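In terms of numbering that gives the first Met the number 0, the sequence shown is numbered consecutively and its last residue is 224.
Note that the Cβ used here is the ideal one computed from N, Cα and C, for glycine as well.
Predicted model only: the values in this text are computed from it and were never measured.
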Amino acid sequence: MRIGILQTGHAPDEVRGELGDYGDMFERLLAGHGFSFSRWPVVDGIFPKGPEEADAWLITGSRHGVYEDHAWLPPLEALVRRIAASGRPLVGVCFGHQLIAQALGGKVEKFEGGWAVGRQLYDFGGETLALNAWHQDQVVELPPGARVVASNDFCQYAALVIGDNVFTVQPHPEFSAEFMAALLEHRAAAVQPELVEAARTRLDTPTDSAELGRRMAEFLNKGAA
0 MRIGILQTGH
10 APDEVRGELG
20 DYGDMFERLL
30 AGHGFSFSRW
40 PVVDGIFPKG
50 PEEADAWLIT
60 GSRHGVYEDH
70 AWLPPLEALV
80 RRIAASGRPL
90 VGVCFGHQLI
100 AQALGGKVEK
110 FEGGWAVGRQ
120 LYDFGGETLA
130 LNAWHQDQVV
140 ELPPGARVVA
150 SNDFCQYAAL
160 VIGDNVFTVQ
170 PHPEFSAEFM
180 AALLEHRAAA
190 VQPELVEAAR
200 TRLDTPTDSA
210 ELGRRMAEFL
220 NKGAA
């Protein structure tokens, strides 16, 4: 089964050689489930011809905002709508979560409550999962037909299921402790210093990234039917 990764950003230059780019992180997260992968760096203007080029799709995180003025965003939103309409499984993470919600009729804003950085706890229908986060933007209005499947006090719409074939999550199961440390070193200029320091103290605390990765793989595998 081929997973098409739509890459909407790049890892910091300082650590990309050692830790890989966002596509590499998702391939590691989803390893062992029988997938092959193709990547399209849409952030650089490189797109697939259409939904039929993969069996299922995944949209990565990004340092950009979904409401910003970039030439690649309108065609990416159009592609999201085509994939959703095709019935192929579609998963979005962080920026991908927000972009899918916006493309399908929801709304995203820069959250007045500030940033979520580092290990956070999320309620997945009565089950608590600890996951790394890195965001200020949030989905603030749901697209039609969306069901909320995870939340916490800071992020009301932390994971969504839309229709039968779209699953999106705000936190980052693909981010390792090593990569979180790199973000805190190289991309935390806009984050409140106390949040950065608190996130550093939690770097060695285990997360449930593997479990969320398993659930994502199970969702993507619906395309094999």
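{"query": "Close beta carbons around leucine 202, own chain, < 7 Å, minus the five adjacent residues each side", "result": "Ala176, Met179 and Ala180"}
{"query": "Counted within 10 angstroms of its Cβ, other Cβ atoms place aspartate 54 as buried (16 or more) or exposed", "result": "buried"}
{"query": "For histidine 32 and alanine 198, believed in contact at Cβ under 8 Å, the rounded distance", "result": "Their Cβ separation, rounded to whole angstroms, is 29 Å, which puts alanine 198 and histidine 32 out of contact at 8 Å."}
{"query": "Integer Cβ distance of arginine 118 from alanine 129, believed to fall under 8 Å", "result": "6 Å"}
{"query": "Exposed unless 16 or more other CB atoms sit within 10 angstroms - verdict on glutamate 173", "result": "buried"}
{"query": "Leucine 202 - partner residues in DSSP beta bridges", "result": "None; leucine 202 has no bridge partner."}
{"query": "C-alpha distance - glutamate 108 paired with glycine 64, whole-angstrom precision", "result": "9 Å"}
{"query": "Aspartate 122 versus Lys221, Val147 and Gly16, residue with shortest Cα-Cα distance", "result": "Val147"}
{"query": "Which of helix, strand or coil DSSP assigns to lysine 230", "result": "Outside the shown range of the chain (0 to 224) lies residue 230, about which nothing can therefore be said."}
{"query": "Exposure of threonine 167, with buried meaning 16 or more beta-carbon neighbours within 10 Å", "result": "buried"}
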